[in-house]
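Student: Protein sequences appear in the order of chains Z and F.
For the first sequence, this note's numbering begins at -12 and goes up steadily by one.
For the second sequence, this note's numbering begins at 22 and goes up steadily by one.
After the structure tokens below, expect a handful of questions from me.
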Amino acid sequence: MKPKLKFSPWLFWLIGLSLVIALGVGAGVIVFWKGLSVTNLSDLVPWGLWITIDLSSIAVSAGAFSLCAAVYLLGLKRYQPVARTATFIGLIGYTMALLTLLLDIGRPDRFWHAVVYWNKHSLLWEVTMCVTLYLTVLLLESLPIFARFDWLKRRWPKLAERMSHVHHYAPYLAVVGLGLSMLHQSSLGAVYGVLKARPFWYRPDVSVLFIISAVAGGMSLTVFFSMLSARLTRRANVDDSLLERVSFFIGWTLVLYLYFRFWDALSMTYTYQPGRTEGLQLLTQGPLSFNFWVGEMFLGIVIPMVLLLYRPTRTSSLWRMVALLLVVGGVVAYRWDTNLSGLMIVLSYLPGEPIVAYTHYFPSLIEILSGAGVVAYGLLAFSLGVRYLKVVDHEAAEVSVEGEHLAEAAAASIT
Amino acid sequence: MSQPKLNRRDFLKVAAVGAAVVAGAQAIRRAEASTPAPSGGRQWAMVIDQALCNGCGYCILACRAHNDISPELTWNPVLEAGQVGGKEVYLPRPCMQCSHAPCVDVCPVKASEYRPDGIVMMDYDRCIGCRYCEVACPYGARAFNWKGFDGPNPAVPEWGQPEVERRPRGVVEKCAFCYQRIDRGLSLGLTPGVDPDATPACVVVCPVNARFFGDLNDPNSIVSRLLAARPSFTLRADLGTGPRVYYLPATEGNA
Chain Z
-12 MKPKLKFSPW LFWLIGLSLV IALGVGAGVI VFWKGLSVTN LSDLVPWGLW ITIDLSSIAV
48 SAGAFSLCAA VYLLGLKRYQ PVARTATFIG LIGYTMALLT LLLDIGRPDR FWHAVVYWNK
108 HSLLWEVTMC VTLYLTVLLL ESLPIFARFD WLKRRWPKLA ERMSHVHHYA PYLAVVGLGL
168 SMLHQSSLGA VYGVLKARPF WYRPDVSVLF IISAVAGGMS LTVFFSMLSA RLTRRANVDD
228 SLLERVSFFI GWTLVLYLYF RFWDALSMTY TYQPGRTEGL QLLTQGPLSF NFWVGEMFLG
288 IVIPMVLLLY RPTRTSSLWR MVALLLVVGG VVAYRWDTNL SGLMIVLSYL PGEPIVAYTH
348 YFPSLIEILS GAGVVAYGLL AFSLGVRYLK VVDHEAAEVS VEGEHLAEAA AASIT
Chain F
22 MSQPKLNRRD FLKVAAVGAA VVAGAQAIRR AEASTPAPSG GRQWAMVIDQ ALCNGCGYCI
82 LACRAHNDIS PELTWNPVLE AGQVGGKEVY LPRPCMQCSH APCVDVCPVK ASEYRPDGIV
142 MMDYDRCIGC RYCEVACPYG ARAFNWKGFD GPNPAVPEWG QPEVERRPRG VVEKCAFCYQ
202 RIDRGLSLGL TPGVDPDATP ACVVVCPVNA RFFGDLNDPN SIVSRLLAAR PSFTLRADLG
262 TGPRVYYLPA TEGNA
């Protein structure tokens, strides 16, 4: 008699992710123990890999607010199961951002200060408040998802029922979520955009670019993970016509995004302001040029835009998945490049000498390991959600709502 | 069908709890708000004569000793600023104590604040170490405490005695015009900029007297008289930050 434990791909996946998480936790402990001197961050480049993970995980969580708004405010009810997946991804994404922020700030024990000591002029304060409040909204929106956990239903059926009841507030939550997300998704760009000391960042449209790219990236990640889950496990099932429509919308979002990127780049080309021209050159010809042309523009926008707008490639699930993954990669590359391009240029303040010097940055092993741990946590949480909470389930969602009504009716008849 | 009504009531309850939490947070914030330091309408400023500065760097060491700064950090560096008339010119760079300081605007927790006398103060007990101020400062005047600093300060006692508490690891540090010397001096009836005990340590230690300190609102202070008598400039005046550190340029004639 052999034990029932089988070395299935699922088990390997769990073990692999747990190993990366363990390494990440180890690296995180070193960060908290030794302080930020174990990073390659410096006074010239104080923000690096972690801020990129932070910005990216918030950006790719934008599917939650956009799809919930579509379902509950625009009345596109049939996308509700996709919005459910997006909400769960959003919850994971924002907790990833919080974990990374805890690593990144010098005094993680004071993380709550922004909630108590308000500086209403600071965009970072606004972002912190919005993220905190929106995480609450996401938690409430996810309660019906957690209510589907079989163990919970068996152990505490009343609690599970109450949790699934929160579903009735979904339209209210969608309004609040839309407001908060539109604020902080754009303000994350404005965090850079308001800094006059950094000419390359100092422009009004970074906020617009951040929210448009976030909507594209957030929806892409949701659709991609839905399709991938449906391919890998029978516990996930998708209605491909829904995902195909969302992908079509992503294609048009990319058109809008490219349009704004074009005018953004063109308007910067002819200013000749010291620091700004150099920043643009850093992207178009300098050390970030591969990221910019290949990662952000060609693979991140142009190729997926064509693949998602051209019907034959959009309906092919392989091409569609490739395109969606490229969009996510492009959004991450944009966040990385935005952060680094402004920091790598050191503008002199000496009189009459607008000298521009360049610095460089590459994350240390500790930064990479702890960052990878956060990403692995996100993947693990999503995998468990697919398996035990059926977060990718386009068939049963309608049934569960019906079932809820039946249960309510039954409860009413008893009392 | 009384279900929807109950939902709305529950929703309002949740909203009420949320409002209470926000109000509570506000109350804590108000309770802990610091009382502004008395200023008597003074506006402190520093004037640095580039024609006199010889780049010895004593100011860096005095600053480290009096403010108990880690030897790996510098609040107040001296930069090489080219040559005039075949002679090296230097540019000491304390915090500019801007009247429109980007660091004060961007800090998410109000750890940077203006004093009524114009000094941009850091609240080291409040700073969360996000380093946004460092990114926002056009003058690189902020130094993050990456490693922490234990043990004796090598600048002590030769260059002075620590007068302020040593900062913990993980906060952003900066020059504050030796506010502790100003405040203590004023309470003893001394005049900052005139009496060494009431004047920033870098001004006192300078062996060639290239630094001057005083009240801009007092027309007879040394800084007011120097700025009236000689041409001066501030760093990156184009940014509109309004620095309170003025430089008297080195010229072919006075270098």
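For glycine and all other residues, C-beta sits at the position ideal for the given N, C-alpha and C.
Treat the numbers as computed from the prediction; the structure is a model and nothing was measured.
#1: Please list, in chain order, all residues of the same chain as Z:Val378 whose beta carbon is under 7 Å from its beta carbon, the five residues on each side excluded.
#2: For the candidate residues Z:Val318, Z:Leu295 and Z:Arg307, whose alpha-carbon lies nearest to that of Z:Phe279?
#3: Suppose you measure from the CA of F:Pro217 to the CA of F:Val225; what does that come to, to the nearest Å?
#4: Which runs of the beta strand (DSSP E) at least 3 residues long sit entirely within the stretch 114 to 152 of chain F? Give them in chain order.
#5: Which same chain residues, not among the five before or five after Z:Tyr244, have their C-beta less than 8 Å away from its C-beta?
#6: Hey, is the stretch 348 to 364 of chain Z in contact with the stretch 182 to 190 of chain F, meaning 3+ C-beta pairs nearer than 8 Å?
#7: Which residues, in order along the stretch 64 to 82 of chain F, keep a beta-carbon less than 8 Å from a beta-carbon of chain Z?
#8: With a 10 Å radius around its C-beta and 16 neighbouring C-beta atoms as the bar for buried, classify F:Glu194 as buried or exposed.
#9: Use the C-beta contact count for F:Lys131: other C-beta atoms within 10 angstroms, 16 or more gives buried, fewer gives exposed.
#10: Using 8 Å as the threshold, is the C-beta distance between Z:Leu111 and F:Leu100 below it?
#11: In chain order, which alpha helix (DSSP H) runs of at least 4 residues are fully inside the stretch 188 to 235 of chain Z?
#12: Counting only the same chain and skipping the five closest in sequence on each side, list residues whose C-beta sits under 6 Å from that of Z:Leu36.
#13: Compare the C-beta of Z:Phe98 against all C-beta atoms of chain F and say whether one is closer than 8 Å.
#14: Does Z:Leu393 come within less than 8 Å of chain F when only Cβ atoms are used?
#15: Figure out for me which residue from F:Asn88, F:Ala157 and F:Asp236 has the closest Cα to the Cα of F:Arg187.
#16: Looking at the unbroken alpha helix (DSSP H) that takes in F:Asp89, where does it start and where does it end?
#17: What separation, rounded to the nearest whole angstrom, lies between the Cα atoms of F:Gln104 and Z:Leu88?
#18: Pick from Z:Lys21, Z:Leu215 and Z:Glu128: whose alpha carbon is nearest that of Z:His152?
#19: If contact means a Cβ-Cβ distance below 8 Å, which residues of the stretch 158 to 175 of chain F contact chain Z?
#20: From this set, Z:Cys117, Z:Lys(-7) and Z:Ile45, which residue's C-alpha is nearest Z:Gly166's C-alpha?
#21: Would the beta-carbon of F:Pro92 fall within 8 Å of that of F:Pro175?
#22: Starting from the Cα of F:Leu256, find the closest Cα among F:Ala197, F:Ala231, F:Val125 and F:Gly161 and give me that residue.
#23: Does any residue of chain Z have a CB that is nearer than 8 Å to the CB of F:Gly191?
#24: Measuring straight from C-alpha to C-alpha, what distance separates Z:His100 and Z:Glu113?
#25: Using a Cβ-Cβ cut-off of less than 8 Å, list which residues of the stretch -1 to 27 of chain Z approach chain F; keep chain order.
#26: Which residues in the same chain have their Cβ closer than 7 Å to the Cβ of Z:Ile17, if we skip the five residues on either side of it in sequence?
#27: Can you name, in chain order, every residue of its own chain whose Cβ lies under 7 Å from the Cβ of F:Ala52, other than the five neighbours on each side?
#28: Suppose contacts are defined by Cβ-Cβ distances below 8 Å. Is Z:Asp286 in contact with Z:Gly238 by that definition?
#29: Any chance the stretch 63 to 75 of chain F sits against the stretch 263 to 271 of chain F, with 3 or more Cβ pairs inside 8 Å?
#30: To the nearest angstrom, report how far apart Z:Arg141 and Z:Arg94 are at their CA atoms.
#31: Closest to F:Phe165 by C-alpha separation, out of Z:Arg301, Z:Leu241, Z:Gln272 and Z:Leu23, would be which residue?
#32: State buried or exposed for Z:Val281, treating a residue as buried only when at least 16 other CB atoms are found within 10 Å of its CB.
#33: Alpha carbon to alpha carbon, how far is F:Gly172 from Z:Met331? Give it in angstroms, no decimals.
#34: Just to confirm, are F:Asp236 and F:Arg114 a CB contact at a threshold of 8 Å?
#35: Between Z:Glu283 and Z:Pro291, what straight-line distance do the alpha-carbon atoms span, to the nearest angstrom?
#36: Can you give me the start and stop residues for the beta strand (DSSP E) that F:Ala249 sits inside?
Tutor: In terms of the structure at hand:
#1: As a working mapping, residue 378 of chain Z is identified with position 391 in the first sequence. Contacts found: Arg71, Thr72, Phe75, Ile132 and Gly372.
#2: Translated into the one-based positions of the first sequence, residue 279 of chain Z becomes position 292. Minimum Cα distance to Z:Phe279 is reached at Z:Val318.
#3: By 1-based counting over the second sequence, the position of residue 217 of chain F is 196. By 1-based counting over the second sequence, the position of residue 225 of chain F is 204. Roughly 6 Å between the two C-alpha positions.
#4: For the stretch 114 to 152 of chain F, the continuous beta strand (DSSP E) assignments of 3+ residues that do not extend past its boundaries occur at 133 to 135 and 141 to 143, in sequence order.
#5: Counting from 1 along the first sequence, the entry for residue 244 of chain Z is found at position 257. The beta carbon of Z:Tyr244 is closer than 8 Å to those of Leu196, Ile199, Ser200, Ala203 and Ile288 in its chain, skipping five residues each way along the sequence.
#6: Result no; under three Cβ-Cβ pairs closer than 8 Å.
#7: For the stretch 64 to 82 of chain F, which is checked against every Cβ of chain Z, not one residue is closer than 8 Å.
#8: Position 173 of the second sequence, counted from the start, is the residue given in the question as residue 194 of chain F. Under this definition F:Glu194 is a buried residue.
#9: Here residue 131 of chain F corresponds to residue number 110 of the second sequence, with the count starting at 1. So F:Lys131 counts as buried.
#10: Here residue 111 of chain Z corresponds to residue number 124 of the first sequence, with the count starting at 1. Here residue 100 of chain F corresponds to residue number 79 of the second sequence, with the count starting at 1. No, the pair does not count as a contact, with Cβ atoms beyond the cut-off.
#11: Within the stretch 188 to 235 of chain Z, the alpha helix (DSSP H) runs of at least 4 residues that lie entirely inside it are, in chain order, 193 to 219.
#12: Position 49 of the first sequence, counting from 1, holds the residue named residue 36 of chain Z. Within the same chain, Z:Leu36 has close Cβ partners Pro350, Glu354 and Gly358.
#13: The residue given as residue 98 of chain Z occupies position 111 in the first sequence. Under the Cβ distance rule, Z:Phe98 counts among the residues neighbouring chain F, one pair being separated by less than 8 Å.
#14: Position 406 of the first sequence, counted from the start, is the residue given in the question as residue 393 of chain Z. Any reading at Z:Leu393 is ruled out, since the residue's pLDDT is 45, under 50, leaving its predicted position unreliable.
#15: As a position in the second sequence, residue 187 of chain F is number 166, starting the count at 1. Measuring from the Cα of F:Arg187, the nearest candidate turns out to be F:Asn88.
#16: Translated into the one-based positions of the second sequence, residue 89 of chain F becomes position 68. No alpha helix (DSSP H) holds F:Asp89; DSSP gives it neither H nor E.
#17: Within the second sequence, residue 104 of chain F is the residue found at index 83, counting from 1. Within the first sequence, residue 88 of chain Z is the residue found at index 101, counting from 1. The alpha-carbon atoms of F:Gln104 and Z:Leu88 are separated by roughly 45 Å.
#18: To locate residue 152 of chain Z, count along the first sequence from 1; it is residue 165. Comparing Cα positions, the closest option is Z:Glu128.
#19: Against chain Z - using a Cβ distance shorter than 8 Å - the residues of the stretch 158 to 175 of chain F are Cys158, Pro159, Tyr160, Gly161, Arg163, Ala164, Phe165, Asn166, Trp167, Lys168 and Gly169.
#20: Numbered from 1 along the first sequence, position 179 holds the residue referred to as residue 166 of chain Z. Of the candidates Z:Cys117, Z:Lys(-7) and Z:Ile45, the one whose C-alpha sits nearest the C-alpha of Z:Gly166 is Z:Cys117.
#21: The count along the second sequence starts at 1 and reaches residue 92 of chain F at position 71. The count along the second sequence starts at 1 and reaches residue 175 of chain F at position 154. Yes; because the gap between Cβ atoms is below 8 Å, this pair is in contact.
#22: For the purposes of this step, residue 256 of chain F is taken as residue 235 along the second sequence, with counting starting at 1. Looking at the Cα atoms, F:Gly161 is the closest of the given residues.
#23: As a position in the second sequence, residue 191 of chain F is number 170, starting the count at 1. Closer than 8 Å to some Cβ of chain Z, the Cβ of F:Gly191 qualifies, so yes.
#24: Locating residue 100 of chain Z in the first sequence gives position 113, counting from the first residue. Locating residue 113 of chain Z in the first sequence gives position 126, counting from the first residue. Computed Cα separation, rounded: 13 Å.
#25: For chain F, the residues of the stretch -1 to 27 of chain Z that bring a beta carbon within less than 8 Å of one of its beta carbons are Gly22, Leu23 and Ser24, in chain order.
#26: Along the first sequence, one-based indexing puts residue 17 of chain Z at 30. Closer than 7 Å at the Cβ level, and outside the excluded window around Z:Ile17, lie Val25 and Ile353.
#27: Here the question's residue 52 of chain F lines up with position 31 in the second sequence. In this prediction, F:Ala52 scores a pLDDT of 48, lower than 50, which makes its location untrustworthy; the coordinate-derived value is nonetheless stated afterwards. Within its own chain, no residue has a Cβ closer than 7 Å to the Cβ of F:Ala52 once the five positions on either side in sequence are excluded.
#28: As a first step, residue 286 of chain Z must be located in the first sequence, where it is residue number 299. As a first step, residue 238 of chain Z must be located in the first sequence, where it is residue number 251. The residue asked about is misnamed: residue 286 of chain Z is Leu in this sequence, not Asp. In this structure, the beta-carbon distance from Z:Leu286 to Z:Gly238 does not fall below 8 Å.
#29: Three or more pairs of CB atoms, one per stretch, sit closer than 8 Å, so the stretch 63 to 75 of chain F contacts the stretch 263 to 271 of chain F.
#30: Counting from one through the first sequence, the residue named residue 141 of chain Z turns up at place 154. Counting from one through the first sequence, the residue named residue 94 of chain Z turns up at place 107. Taking the straight line joining both Cα atoms gives about 42 Å.
#31: Within the second sequence, numbered from 1, the residue matching residue 165 of chain F stands at position 144. For the options Z:Arg301, Z:Leu241, Z:Gln272 and Z:Leu23, the alpha carbon positioned closest to that of F:Phe165 is the one of Z:Leu23.
#32: Locating residue 281 of chain Z in the first sequence gives position 294, counting from the first residue. Z:Val281 is exposed by the Cβ-count criterion.
#33: Taking the first residue of the first sequence as position 1, residue 331 of chain Z is located at position 344. Taking the first residue of the second sequence as position 1, residue 172 of chain F is located at position 151. Straight through space, the alpha carbons of F:Gly172 and Z:Met331 are spaced by roughly 34 Å.
#34: Numbered from its first residue, the second sequence carries residue 236 of chain F at position 215. Numbered from its first residue, the second sequence carries residue 114 of chain F at position 93. Not a contact, by the Cβ cut-off of 8 Å.
#35: Mapped onto the first sequence, residue 283 of chain Z falls at position 296. Mapped onto the first sequence, residue 291 of chain Z falls at position 304. The straight-line gap separating the alpha-carbon atoms of Z:Glu283 and Z:Pro291 is approximately 11 Å.
#36: Along the second sequence, read from residue 1 onward, the residue named residue 249 of chain F stands at position 228. Per DSSP, F:Ala249 lies in no beta strand (DSSP E) segment; the continuous alpha helix (DSSP H) that holds it begins and ends at Ile243 to Ala250.
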